[in-house]
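A short write-up of the structure that comes next.
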Amino acid sequence: MDVYGKATLLLNELTSRLESTRAGQVDYAAVHPGDMVPAYGCETAFVRPGQIWPTAAFPAALNPAQMDLSRPVSYAADLEIVVFRCYQNTSDNSMPELYDLDSLARDALDDARAMMRAVQCAFDRGTPFFCGPWIPRGPSGGIHGGSMTVTVGVDLWCHCDTVIPEFDSVFAPIEGDPRIT
Numbered sequence: 748m749d750v751y752g753k754a755t756l757l758l759n760e761l762t763s764r765l766e767s768t769r770a771g772q773v774d775y776a777a778v779h780p781g782d783m784v785p786a787y788g789c790e791t792a793f794v795r796p797g798q799i800w801p802t803a804a805f806p807a808a809l810n811p812a813q814m815d816l817s818r819p820v821s822y823a824a825d826l827e828i829v830v831f832r833c834y835q836n837t838s839d840n841s842m843p844e845l846y847d848l849d850s851l852a853r854d855a856l857d858d859a860r861a862m863m864r865a866v867q868c869a870f871d872r873g874t875p876f877f878c879g880p881w882i883p884r885g886p887s888g889g890i891h892g893g894s895m896t897v898t899v900g901v902d903l904w905c906h907c908d909t910v911i912p913e914f915d916s917v918f919a920p921i922e923g924d925p926r927i928t
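Just so you know, we're using the numbering used here here: the sequence shown kicks off at 748 and counts up by one.
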């Protein structure tokens with residue numbers, strides 16, 4: 748399966764796992780483009796495809812001198828998982844109560860557990876993956892959360908004479924896609 752397929756599987760598993768966390772289900776979840784995920788708002792989750800590279804010994808990058816394009820090449824890709832939650836500021840901008848801070852920390856760490864569980868359950872047993880560290884984000888602008896990068900094996904290699912199906916015929920676009928008339 749290719750990068751978008753793995754990102755979608757991971758996003759679906761993540762949203763399912765977030766349902767049983769302290770903070771609960773998110774209101775908005777998507778596969779996100781680009782080189783970063785802005786803090787759009789509270790109660791959001793994203794999976795962002797990142798770097799893709801050839802590998803001979805997952806997850807290490809393959810030395811270009813070792814590549815033989817007549818033989819199948821394995822690939823690895825980074826998928827960044829991001830979850831944002833609301834961080835309530837006090838009305839007078841004073842320090843929040845300790846119980847509020849403790850609750851927010853518990854929410855974030857429970858989301859981290861959900862991320863790790865989603866990675867373990869999203870892919871079939873033959874898919875290699877490696878979880879990077881969970882990294883807290885915020886608080887900033889009333890939002891806090893965390894992110895984690897997962898490196899996963901993906902299928903991208905094919906012979907030059909192989910007819911590759913159109914992307915949208917493999918992965919149906921979601922409703923409202925501006926490229927679909």
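For glycine and all other residues, C-beta sits at the position ideal for the given N, C-alpha and C. All figures in this text were calculated on a predicted structure; none of them were measured in a lab.
Per DSSP, residue 828 forms a beta bridge with which residues?
Residue pairing by DSSP places residue 828 opposite 794, 895 in a beta bridge.
Cβ of residue 836 within 8 Å of Cβ of residue 893?
no
Take the Cβ of residue 860 as the centre, count every other Cβ of all protein chains shown within 10 Å, and call the residue buried at 16 or more, exposed below.
exposed
Report buried or exposed for residue 895, applying the criterion of at least 16 other Cβ atoms within 10 angstroms of its Cβ.
buried
Does residue 885 get closer than 8 Å to chain C when you measure Cβ to Cβ?
Annotation note: the requested chain C is absent from the structure, which comprises a single protein chain.
For the stretch 791–811 against the stretch 820–836, do three or more pairs of beta-carbon atoms, one drawn from each stretch, fall closer than 8 Å, so that the two count as touching?
Yes: the two stretches touch, three or more of their Cβ pairs being nearer than 8 Å.
Taking only three categories from DSSP, how would you classify residue 884?
DSSP places residue 884 in strand when its eight states are reduced to three.
The stretch 827–842 contacting the stretch 779–796, beta-carbon criterion three pairs below 8 Å:
yes
Looking at residue 865 and residue 760, is the spacing between their C-beta atoms short of 8 Å?
Pairing residue 760 with residue 865 gives a Cβ-Cβ distance under 8 Å.
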